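Asker: Got a structure here, written out as structure tokens. Questions coming.
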Amino acid sequence: MTTDFENIDLLLVEDNEHDAEMTMRALTKSHLLNKVYWVRDGVEALDFVRCTGSFEGRDPQRALKLMLLDLKMPRLGGIEVLRELKTDPKTIGIPVVVMTSSNQDRDVTESYQLGVNGYVTKPVQVGSFMEAVAEIGMYWLLTNQAPAR
Amino acid sequence: MSDIDNVEVLLVEDSRHDAELMMRALAKCDVRSKLHWVQDGVDALDFIRCTGAYDGRNFDQRPKLVLLDLKMPRLNGLDVMRELKSDERTRTIPIVVMTSSNQSRDIMESYQLGANGYVTKPIQFGDLSDAIARIAAYWLRVNQVP
Numbered sequence: 003m004t005t006d007f008e009n010i011d012l013l014l015v016e017d018n019e020h021d022a023e024m025t026m027r028a029l030t031k032s033h034l035l036n037k038v039y040w041v042r043d044g045v046e047a048l049d050f051v052r053c054t055g056s057f058e059g060r061d062p063q064r065a066l067k068l069m070l071l072d073l074k075m076p077r078l079g080g081i082e083v084l085r086e087l088k089t090d091p092k093t094i095g096i097p098v099v100v101m102t103s104s105n106q107d108r109d110v111t112e113s114y115q116l117g118v119n120g121y122v123t124k125p126v127q128v129g130s131f132m133e134a135v136a137e138i139g140m141y142w143l144l145t146n147q148a149p150a151r
Numbered sequence: 033m034s035d036i037d038n039v040e041v042l043l044v045e046d047s048r049h050d051a052e053l054m055m056r057a058l059a060k061c062d063v064r065s066k067l068h069w070v071q072d073g074v075d076a077l078d079f080i081r082c083t084g085a086y087d088g089r090n091f092d093q094r095p096k097l098v099l100l101d102l103k104m105p106r107l108n109g110l111d112v113m114r115e116l117k118s119d120e121r122t123r124t125i126p127i128v129v130m131t132s133s134n135q136s137r138d139i140m141e142s143y144q145l146g147a148n149g150y151v152t153k154p155i156q157f158g159d160l161s162d163a164i165a166r167i168a169a170y171w172l173r174v175n176q177v178p
């Protein structure tokens, strides 16, 4: 994973280090790891996108192609991040896919009502998890088109 | 079971040629799915809302994916998007714009209206097949809907 946070395509927002590593390993296997940056909570996610806080001065050369967003995180959870991003015309165009252990219908419905682009419940089996991440990566990083800026 | 029960993919496309290519590509890929094709935006809204020609269709049978062309007669894709995404009963249905346009204005406007995704139709059938395979793998196998 790059420590250079310019030209990032995928922002991984995940508080659990083990899950984050598994996701990045799955992306590596599909040769999609190139431009992934990992943050651990919702505050960091918003700071990254807005180039504020710890990311003040970050120059977004181009817009994210995907944000993979966990729901249950300390400081600021995924639903709040989603609400902030999707109610701001400057950030509504960032594709956000919630990726969480919750398959609670309430979380799924609320996410879609707030404008989430997609929702994935983390598979429990490692093999299925790796395959799901590969399919997420292939669609969102290679096929889908996000607004350029 | 009728033709319009348990539809998983609603294809909204005015060109018969493009629709047939997409249906052929979808049939080729290894994700099984039931597709219904409508040729314009009015039929798309009637299908989802169970009105007009689709009066009596079961409203709770929501497609897992709508593939939506932009430039269509009668009602265009952005108007369909606006209608579906501004109604809380239908705003949770995933809509992926699938169009020949790669104009950044169309892309931005689609997302502003709430599009879940946007794909520019590849010209070569091989590339179209690959794109449809990836669309199917993500939206029909991995993605969860309410």
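Going down the list, the sequences are from chains V and B. The numbering used here applies: residue 3 is where the first sequence begins, and numbers increase by one. The numbering used here applies: residue 33 is where the second sequence begins, and numbers increase by one. Every residue gets a Cβ at the ideal spot worked out from N, C-alpha and C, and that includes glycine. These figures come from a predicted structure and were not determined experimentally.
#1: Name the chain B residues whose beta carbon is nearer than 7 Å to that of residue 117 of chain V?
#2: If you measure from the beta carbon of residue 154 of chain B to each beta carbon in chain V, is any gap under 7 Å?
#3: Starting from residue 130 of chain B, trace the beta strand (DSSP E) both ways and give me its first and last residue.
#4: Which of helix, strand or coil does DSSP assign to residue 46 of chain B?
#5: Report the rounded CA-to-CA distance for residue 170 of chain B versus residue 146 of chain V, giving the unit in angstroms.
#6: What are the start and end residues of the alpha helix (DSSP H) that includes residue 29 of chain V?
#7: Could you tell me the alpha carbon to alpha carbon distance between residue 67 of chain V and residue 96 of chain V, rounded to whole angstroms?
#8: If you scan the stretch 78-118 of chain B from start to end, which runs of the beta strand (DSSP E) of 3 or more residues do you find wholly inside it?
#9: For residue 41 of chain V, write down the residues that DSSP places opposite it in a beta bridge.
#10: Drop a sphere of 10 angstroms on the beta-carbon of residue 138 of chain B, count the other beta-carbons inside from all chains shown, and report buried for 16 or more, exposed for fewer.
#11: Quick check: the Cα distance between residue 24 of chain V and residue 83 of chain B, rounded to an integer number of angstroms?
#12: Looking at the secondary structure, which residues open and close the alpha helix (DSSP H) in which residue 84 of chain V lies?
#13: Assuming residue 104 of chain B contacts residue 46 of chain B under a Cβ cut-off of 8 Å, what Cβ separation, rounded to an integer in Å, is found between them?
#14: For chain B, is any of its Cβ atoms less than 7 Å away from the one on residue 18 of chain V?
#15: Enumerate in chain order the residues of its own chain whose CB-to-CB distance from residue 17 of chain V is below 7 Å, with the five nearest sequence positions on each side excluded.
#16: Just curious, the alpha helix (DSSP H) that residue 114 of chain V is in, first and last residue?
#17: Opposite residue 41 of chain B in the DSSP bridges: which residues?
#18: Please report the straight-line C-alpha distance between residue 58 of chain B and residue 80 of chain V, rounded to a whole angstrom.
#19: Leaving out five residues on either side along the sequence, give the residues of the same chain with a beta carbon under 7 Å from the beta carbon of residue 117 of chain B.
Answerer: In short:
#1: Within the first sequence, residue 117 of chain V is the residue found at index 115, counting from 1. In chain order: 146.
#2: As a first step, residue 154 of chain B is located in the second sequence; it is residue number 122 there, counting from the start. It does not; no Cβ of chain V falls within 7 Å.
#3: Translated into the one-based positions of the second sequence, residue 130 of chain B becomes position 98. Residues 127-131.
#4: One-based indexing of the second sequence puts residue 46 of chain B at position 14. Residue state, collapsed to three classes: coil.
#5: What you label residue 170 of chain B is simply residue 138 of the second sequence in a count that begins at 1. What you label residue 146 of chain V is simply residue 144 of the first sequence in a count that begins at 1. Each residue's alpha carbon lies about 11 Å from the other.
#6: Counted from its first residue, the first sequence places residue 29 of chain V at position 27. Segment 19-31, the alpha helix (DSSP H) holding residue 29 of chain V.
#7: Taking the first residue of the first sequence as position 1, residue 67 of chain V is located at position 65. Taking the first residue of the first sequence as position 1, residue 96 of chain V is located at position 94. Approximately 7 Å between the Cα atoms of the pair.
#8: Taking only runs of at least 3 residues, the beta strand (DSSP E) segments lying wholly in the stretch 78-118 of chain B are 97-100.
#9: Locating residue 41 of chain V in the first sequence gives position 39, where the first residue counts as 1. DSSP output for residue 41 of chain V lists V:15 as bridge partner(s).
#10: Residue mapping note: residue 138 of chain B aligns to position 106 of the second sequence, counting from 1. With 16 or more Cβ atoms within 10 Å of its Cβ, residue 138 of chain B is classed as buried.
#11: Counting from 1 along the first sequence, the entry for residue 24 of chain V is found at position 22. Counting from 1 along the second sequence, the entry for residue 83 of chain B is found at position 51. The alpha-carbon atoms of residue 24 of chain V and residue 83 of chain B are separated by roughly 46 Å.
#12: Translated into the one-based positions of the first sequence, residue 84 of chain V becomes position 82. It spans 80-88 - the alpha helix (DSSP H) in which residue 84 of chain V sits, taken as one unbroken run.
#13: For the purposes of this step, residue 104 of chain B is taken as the residue at position 72 of the second sequence. For the purposes of this step, residue 46 of chain B is taken as the residue at position 14 of the second sequence. About 4 Å separates the two Cβ atoms, so the contact holds.
#14: Residue mapping note: residue 18 of chain V aligns to position 16 of the first sequence, counting from 1. Chain B, which has no Cβ nearer than 7 Å to the Cβ of residue 18 of chain V, makes this no.
#15: Position 15 of the first sequence, counted from the start, is the residue given in the question as residue 17 of chain V. Cβ neighbours of residue 17 of chain V beyond the five flanking positions: 42, 43, 72, 75 and 76.
#16: Looking up residue 114 of chain V in the first sequence gives position 112. It spans 107-115 - the alpha helix (DSSP H) in which residue 114 of chain V sits, taken as one unbroken run.
#17: Translated into positions along the second sequence, residue 41 of chain B becomes position 9. Bridge partners of residue 41 of chain B: B:67 and B:97.
#18: Position 26 of the second sequence, counting from 1, holds the residue named residue 58 of chain B. Position 78 of the first sequence, counting from 1, holds the residue named residue 80 of chain V. Rounded to whole angstroms, residue 58 of chain B to residue 80 of chain V spans 33 Å at the Cα level.
#19: Here residue 117 of chain B refers to the residue found at position 85 when the second sequence is read from its first residue. 123, 145 and 146.
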